[in-house]
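When the letters of the sequence shown are read in order and numbered with the working numbering, they come out as residues 1 to 161.
What follows is one structure encoded as structure tokens, with my remarks underneath.
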Amino acid sequence: MRTRKQELHQIGALPLLLNESGEVEVFLVTARGSGRWIIPKGNPIPGLAPHDAAAQEAREEAGLVGVAEPRCIGTFEFSRRRRGRDTTCLVDVYPLMVKLQLRKWAEAGQRSVLQCNLETALSLVGSASLAFLIEQYLSPQMPSGRLGPSDRPSGTSLHVD
Numbered sequence: 001m002r003t004r005k006q007e008l009h010q011i012g013a014l015p016l017l018l019n020e021s022g023e024v025e026v027f028l029v030t031a032r033g034s035g036r037w038i039i040p041k042g043n044p045i046p047g048l049a050p051h052d053a054a055a056q057e058a059r060e061e062a063g064l065v066g067v068a069e070p071r072c073i074g075t076f077e078f079s080r081r082r083r084g085r086d087t088t089c090l091v092d093v094y095p096l097m098v099k100l101q102l103r104k105w106a107e108a109g110q111r112s113v114l115q116c117n118l119e120t121a122l123s124l125v126g127s128a129s130l131a132f133l134i135e136q137y138l139s140p141q142m143p144s145g146r147l148g149p150s151d152r153p154s155g156t157s158l159h160v161d
């Protein structure tokens, strides 16, 4: 007898930074179980709008503080085995313009964080559908103006206590 595949819904942040050269950089985190490179994500948080929940996940998982856009840029899916059952996880993604990274955060000892260029991010993410979503959102063919000078962090250091 086949068991029904369960479905899980999560919220994710796509943390972005416009560097001093005007190029977009992406922040990735490792998954706790597999160590694969992913974006910060988690379950919806009651009482918080989805984009605010995405910003909170980025802060908890990577120490990233910024402004999340309220518009979902897409959904990616991945499969995981949870409690002996196959589960499909659908993740709604919200861009987060990173202003700073904290020196200490909730899951600092549980995950690695990587700030990298788009090409590196696309080669590292563990989900093909996530890579596709990131590439579509940051593609040079997309209308310009998504990232502007006001999105640059103030000051010279990205880290604060």
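Even for Gly, the Cβ is constructed at its ideal location relative to N, Cα and C.
Computed from a predicted structure; not experimentally measured.
Bridge pairing for Cys89: Leu8 and Phe78 [DSSP]. The residues Leu16, Gly66, Val67 and Asp151, in chain order, have a CB closer than 7 Å to that of Met97 in the same chain once the five nearest residues on each side in sequence are set aside. Between the beta-carbon of Arg32 and that of Arg111 there is about 6 Å, and that keeps the pair under the 8 Å contact cut. Leu48 is not bridged by DSSP to any residue. In the DSSP assignment, Gly66 forms a beta bridge with Val98. The alpha-carbon of Leu114 is positioned some 14 Å away from that of Gly126. For Glu119, the enclosing alpha helix (DSSP H) has its first and last residue at Leu118 to Leu124.
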